[in-house]
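Residue numbers (this note's numbering): 1 to 175.
Using N, Cα and C, we set each Cβ at its ideal position, and we do this for glycine too.
Only a predicted model underlies this, so the values are computations on that prediction, with no experimental measurement involved.
Quick notes on the structure that follows.
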């Protein structure tokens, strides 16, 4: 591989990794908290059900791009380091599970819970939120939602672990 190709691959790798880590931290710890505090619950839920599918797709794609562009020879170089490929593999599996399984389950349960809450609120029942049916709905939402949160945290941890490995490869010359 030529020096120019290696340089381009390395720059693309750093860009993909930087965007990945930045977006994970920004979305998970900053934007979600700000939106939760600033928006009414229905608006927050509406925003989240649109943002998180895109977030998990982007996270997964950036993890694949990061792995594919590992310097100096792409995936071959990644496989050479057990820590590097294991951390990116764990992050990718978690992001993939969120993208394909848990986020869609969470979204469906949230939509179902919202519909049921509207029905219960419009009924004449004095205790709308405490019904067995509503508690069951909340459980159907809470379980996949908790899995999404935990898988996302494991994915972020894998991304950070990979970053530690990547940082160990940097060499700086002091003149």
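Mind checking which residues open and close the alpha helix (DSSP H) that includes residue i?
i, result
"residue 42", "41-68"
"residue 139", "132-167"
"residue 22", "3-25"
"residue 78", "75-80"
"residue 36", "32-38"
In this structure, does DSSP put residue i in helix, strand or coil?
i, result
"residue 176", "The chain is shown only over 1 to 175; residue 176 falls outside these bounds and no answer can be derived."
"residue 118", "helix"
"residue 29", "helix"
"residue 171", "coil"
"residue 72", "coil"
So, for residue i: in the same chain, excluding its five sequence neighbours on each side, which residues have a beta-carbon less than 6 angstroms away from its beta-carbon?
i, result
"residue 79", "85"
"residue 49", "107"
"residue 102", "144, 147 and 148"
Residues in its own chain within less than 8 angstroms of residue i by CB, not counting five upstream and five downstream?
i, result
"residue 45", "110 and 114"
"residue 23", "55, 58, 59 and 62"
Contact check, residue i vs residue j under 8 angstroms by CB: the rounded distance?
i, j, result
"residue 168", "residue 90", "Not really, about 18 angstroms apart at Cβ, beyond 8 angstroms."
"residue 94", "residue 19", "With a Cβ gap of about 18 angstroms, residue 94 and residue 19 do not count as contacting."
"residue 57", "residue 99", "6 angstroms"
Using a Cβ-Cβ cutoff of less than 7 angstroms, which residues in the same chain neighbour residue i once the five nearest sequence positions on both sides are dropped?
i, result
"residue 137", "112, 113 and 116"
"residue 52", "103"
"residue 16", "62, 65, 66 and 69"
Between the C-alpha atoms of residue i and residue j, what's the straight-line distance to the nearest angstrom?
i, j, result
"residue 72", "residue 165", "14 angstroms"
"residue 105", "residue 61", "21 angstroms"
"residue 140", "residue 174", "57 angstroms"
"residue 27", "residue 87", "20 angstroms"
"residue 67", "residue 172", "23 angstroms"
"residue 64", "residue 7", "19 angstroms"
"residue 160", "residue 118", "42 angstroms"
"residue 13", "residue 83", "17 angstroms"
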